[in-house]
Structure formats: C-alpha cells, structure tokens
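Asker: Dumping the structure here so I can ask a few things about it.
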Amino acid sequence: MRHQPVSEHLPVSLSLSAGWGARPRLPGGLGRGRPLPLSYVVFDGPAPQPPLVFLHGLLGSKSNFRAIARALVQRSGRKVLTVDARNHGESPHSPTMSYEAMSLDLQRLLHQLHFPKCVLVGHSMGGKTAMTLALQRPDLVERLVSVDISPTESVAVTDFLAYISAMRRVSIPSGIPRSTARRLAEDQLRPAVQVSAVRQFLLTNLVEAEGRYMWRVNLEAISHHMANIMGFPVFQAPYSGPTLFLAGSDSPYVSSEDYPEIERLFPEAEIQYIPGAGHWVHADKSQEFITAICNFLLLP
Numbered sequence: 001m002r003h004q005p006v007s008e009h010l011p012v013s014l015s016l017s018a019g020w021g022a023r024p025r026l027p028g029g030l031g032r033g034r035p036l037p038l039s040y041v042v043f044d045g046p047a048p049q050p051p052l053v054f055l056h057g058l059l060g061s062k063s064n065f066r067a068i069a070r071a072l073v074q075r076s077g078r079k080v081l082t083v084d085a086r087n088h089g090e091s092p093h094s095p096t097m098s099y100e101a102m103s104l105d106l107q108r109l110l111h112q113l114h115f116p117k118c119v120l121v122g123h124s125m126g127g128k129t130a131m132t133l134a135l136q137r138p139d140l141v142e143r144l145v146s147v148d149i150s151p152t153e154s155v156a157v158t159d160f161l162a163y164i165s166a167m168r169r170v171s172i173p174s175g176i177p178r179s180t181a182r183r184l185a186e187d188q189l190r191p192a193v194q195v196s197a198v199r200q201f202l203l204t205n206l207v208e209a210e211g212r213y214m215w216r217v218n219l220e221a222i223s224h225h226m227a228n229i230m231g232f233p234v235f236q237a238p239y240s241g242p243t244l245f246l247a248g249s250d251s252p253y254v255s256s257e258d259y260p261e262i263e264r265l266f267p268e269a270e271i272q273y274i275p276g277a278g279h280w281v282h283a284d285k286s287q288e289f290i291t292a293i294c295n296f297l298l299l300p
C-alpha cells in the first residue's frame, strides 16, 4: 500500500405527482430483487481503453461530475460515463437500498453497454458501491478510485440524517415560479443546513412536475437504510487490481485507522490526500482531482 460530445440515456421517467418524497411507480414490479435500469450520460472519447464510470455520493447525482467528465475525456481520451444511483437523480426508486443492490444495478448497466471492463471512480456512497463491485466482480474492473471514503463504517452520519430530516420538512406551495420555490426551499433548509454550498448541493434535487415541487431523491428509502449506507459489506477475498484512495486532507473519512482494512481488501492501494480539500474533493479542488485521476490511469 502506497501513500501518496454528450448523449443522455434516461431509461425510466419519474412519476413525481404523488407528493414530497413519493416513489415513482416502476414497470413490471422492478425494485426489490432485480437490478434497476440506471440513468446515465455518455461522454464519448476516442481511446480504446476501458471507460471511466463515475458514481456520485449520497443525495448527489450524475450531474455532479459533468465538468470533470468533459475534462477527463479531453485529458485521457477515454470514454466517460456518469451514472445516477437507484433512488437518486433520474434513476428509478426502490425500497431496497444496499451496496449489493447498487452493485447489481451497475453490473446490469455494464452488460447492457457491452463493457467487459471499466475504471470505477466513486465518491462517498458511490465509492463504497465501486469497492463492492470490484470485490464481487474483479473481472469487470480494470482499476478503482475511491474518493474520500474507506471500506469501513463512515463517520458524520448525523449530518446526513439532519439534512434528510430538514428536506422532509420542506413545504412548497404549488403553481409558483421555480426561482421562488428554490428560494423558499433554501430558507426552510437554512436552520439545519448552515453551509451555503451544502444547501445548493441539496437543492439540485428539487424538481417540478405539473406545477408541484418535490425532491427527486427517495428520502424514505435512504433514511430507512442509513445504517447500511454508512456501513460496508463484509468481504474476505481482496481486489488485487490497481486502486487509488483519493481523499481530502480536511476530511475525516479516510484516516490512519482505516489503513489496515484498506490494505487487507485492496493490497495494491495507493492513498493520496489532496491539500485543502474536504469531503467533496472533486468540487473543492477540481484541477488537482483531475490530475490525480489522469496520473493514476498512466500507472501500469
């Protein structure tokens, strides 16, 4: 272990008219035991190497990585995919929310797109999904990047529970302009979510359908499975491919206490900290993040 052009694919339309936190209805009883058809965007690149697949964190979406994806196509030449997890963005909702289920969703997508291998880049919850897939199906993963998350119990669960609780309390009248709705939602979030950047991040989930406003994330399922999301499945066999743990120096999510488990499950792992970055490494220090990814892709 070492220290150191766009096409959109939206396989399901959300049914958002049932009110705040409502789950879309899925065709054919999808959602419990079967993989879900995830929403994704392809950023095409000319290189023949396996594509990069970006997985966002809790309460995020594929749009979080739009600028990063474009930059990496330019820098690496590789195709890049950004993906919405189940219960997030434009992907279907389900009462099930586990890393095993999210891994199966991703395996379904890779099979659908005929990608025999990929480079997984996952932030936070997406990093745990990426690690789960690499440990379950190492044959599908050329290399792995876990962004500011370890294969251990995560800290700061209280913050996310507070965010979700605040989001569930938001009430917006129907038939008002989107700018007004967004301002009202932000005002209601402010007492519990005092950091402006975090409020703006949460507000990316505010959507409108037929004049009514609601959250596109499945807050009910997420809050119900928060212990699973903050934990990590038990694995015995390691992933022996190239692995980068890319953390923020100002974040507590990858600490020296995690190193033994990282080394056990990912014996080829390199750990890098980006100075001045917090948990949202790619947003805080985007150029340093892109450079670290590109350098990692060049390693044998």
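Take 1 as the starting number for the sequence shown in full-length UniProt numbering and just add one per residue. Glycine included, every Cβ here is placed at the ideal spot set by N, Cα and C. As the structure is a computational prediction, the values presented were derived from the model and not from experiment.
1) Alpha helix (DSSP H) containing Tyr40: first to last residue?
2) Would Asp105 and Ser39 qualify as a contact pair, given that the criterion is a beta-carbon distance under 8 Å?
3) Just list the alpha helix (DSSP H) runs in the segment 252–292, keeping only unbroken ones of 4 residues or longer that don't cross its boundaries, in chain order.
4) So for Val73, helix, strand or coil by DSSP?
5) Out of Phe201, Ala292 and Glu142, which one is the CA nearest neighbour of Ile274?
6) According to DSSP, which residues form a beta bridge with Met214?
7) Measuring only the C-alpha atoms, how far is His56 from Arg86?
8) With a cut-off of 8 Å, do at least 3 Cβ pairs link the segment 162–171 to the segment 179–194?
9) Assuming Glu186 is part of the beta strand (DSSP E), what are its boundary residues?
10) Taking the alpha-carbon positions, what's the Ile176 to Tyr213 distance?
11) Can you find the residues in the same chain that come closer than 6 Å, C-beta to C-beta, to Arg216, ignoring five residues on each side of it along the sequence?
12) Confirm, please, whether the CB-CB distance from Gly89 to Lys62 is below 8 Å.
13) So the candidates are Ala192, Ala162, Pro252 and Ser171; which of them puts its Cα closest to the Cα of Ser223?
14) For Arg143, write down the residues that DSSP places opposite it in a beta bridge.
15) CB-CB under 7 Å to Glu288, same chain, minus the five flanking residues each way: which ones, in chain order?
16) DSSP beta-bridge partners for Leu55?
17) If you follow the alpha helix (DSSP H) that Ala227 is in, where does it begin and where does it stop?
18) Do you know offhand how far Tyr259's Cα is from Met131's?
19) Should the segment 102–121 be called in touch with the segment 142–151, which here means at least 3 C-beta pairs below 8 Å?
20) With 16 other CB atoms within 10 Å as the buried threshold, where does Ala221 fall?
21) Can you give the beta carbon distance from Gly127 to Ser174, rounded, assuming they're within the 8 Å contact cut?
22) Take the Cβ of Asn295 as the centre, count every other Cβ of all protein chains shown within 10 Å, and call the residue buried at 16 or more, exposed below.
Answerer: In this structure, then:
1) Here Tyr40 belongs to no alpha helix (DSSP H); instead the beta strand (DSSP E) covers Tyr40 to Phe43.
2) no
3) 259–265 and 281–284
4) helix
5) Ala292
6) Val207
7) 11 Å
8) yes
9) Segment Arg178 to Leu189 is the alpha helix (DSSP H) holding Glu186; no beta strand (DSSP E) there.
10) 9 Å
11) Asn205 and Val207
12) yes
13) Ala162
14) Val119
15) Ile274
16) Val83 and Gly122
17) Met226 to Met230
18) 15 Å
19) yes
20) buried
21) Contact flag wrong, Cβ pair sits at about 38 Å.
22) exposed
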